[in-house]
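Just below is one structure, and these are the notes that go with it.
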């Protein structure tokens, strides 16, 4: 069974602080994606990383794919209340479906 | 359509009744997926369609759950004899699939159907 473990599960921080969310597995993935979900909505894709060691930046968000393609991290700089939401990592094994982690619930207080 | 459309958005049903959940994917997306999400949790894979066929239905929890897709477009997820543990948000997503069958493209999700079994 392929599993993606996310940590932490819950994170409550003040506006302006930095944070990192981790996504780990014992399995190798052909690609890894990060999604953000707000209440009552479906997840929305933030980024796809494909190459081991790849780093992608999206404004204040930095995504990294591990060299062995088993893990990934999401770093947010100077968090804002608008960053509040459920962050999900998802790995593709190339068979068509994505395997999702259990999510990190982020709350950024003004 | 412009996005993935799911209906109904909310469904309350009595234990033992059958329910049908509908998903209308983005036009041209050959892959369609059903996931289930319990409150504040990650997504549990149910079934994946490529065109009208389902190469992976390993996530269906029991034989009370079935799904079909017609015309390479609309999909219906049916739950028979609903139980309280079936209560969850059922999410549908669609995506493009590369010619090799590998999908590194992102999913576009619908807003889900919140199912409550009472």
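Protein chains in written order, with the numbering used here: chain A, 12 to 121; chain B, 1125 to 1242. Where a beta carbon is used, it is the ideal one built from N, C-alpha and C, also for glycine. Being a predicted model, the structure only gives us computed values, none of them experimental.
Alpha-carbon spacing of residue i relative to residue j, whole angstroms
| i | j | result |
| --- | --- | --- |
| residue 1132/B | residue 78/A | 43 Å |
| residue 66/A | residue 1146/B | 38 Å |
| residue 91/A | residue 27/A | 6 Å |
| residue 98/A | residue 1219/B | 20 Å |
| residue 1135/B | residue 63/A | 43 Å |
| residue 122/A | residue 51/A | What the structure shows of chain A is the stretch from 12 to 121, and residue 122/A is not part of that stretch, so it cannot be assessed. |
| residue 1128/B | residue 1232/B | 7 Å |
| residue 1170/B | residue 72/A | 30 Å |
| residue 111/A | residue 1176/B | 24 Å |
| residue 118/A | residue 40/A | 29 Å |
First and last residue of the uninterrupted beta strand (DSSP E) at residue i
| i | result |
| --- | --- |
| residue 86/A | 82 to 87 |
| residue 96/A | 96 to 103 |
| residue 24/A | 21 to 25 |
| residue 62/A | Per DSSP, residue 62/A belongs to no beta strand (DSSP E) and is neither H nor E. |
| residue 110/A | 109 to 111 |
| residue 1136/B | 1134 to 1137 |
| residue 1194/B | No beta strand (DSSP E) contains residue 1194/B, which DSSP labels as neither H nor E. |
| residue 1155/B | 1155 to 1161 |
| residue 1180/B | 1177 to 1180 |
| residue 1172/B | 1167 to 1174 |
Chain A contact for residue i (CB, 9 Å cutoff)
| i | result |
| --- | --- |
| residue 1152/B | no |
| residue 1143/B | no |
| residue 1220/B | no |
| residue 1240/B | no |
| residue 1128/B | yes |
Helix, strand or coil at residue i according to DSSP, with G and I counted as helix
| i | result |
| --- | --- |
| residue 50/A | coil |
| residue 116/A | strand |
| residue 28/A | coil |
| residue 91/A | coil |
| residue 1142/B | coil |
| residue 1208/B | helix |
| residue 38/A | coil |
| residue 1213/B | strand |
Any chain B beta carbon closer than 9 Å to residue i
| i | result |
| --- | --- |
| residue 26/A | no |
| residue 101/A | yes |
| residue 111/A | yes |
| residue 106/A | yes |
| residue 92/A | no |
Taking only beta carbons into account, state which residues of the region 1169 to 1185 of chain B come closer than 7 Å to chain A, listed in chain order.
Listed in chain order, the positions of the region 1169 to 1185 of chain B with a beta carbon within less than 7 Å of a beta carbon of chain A are 1169, 1172, 1174, 1179 and 1180.
When Cβ atoms are compared, which residues of the region 58 to 71 of chain A fall closer than 9 Å to chain B?
In summary, the residues of the region 58 to 71 of chain A whose CB is separated from some CB of chain B by less than 9 Å are 58, 59 and 61, in the order they occur in the chain.
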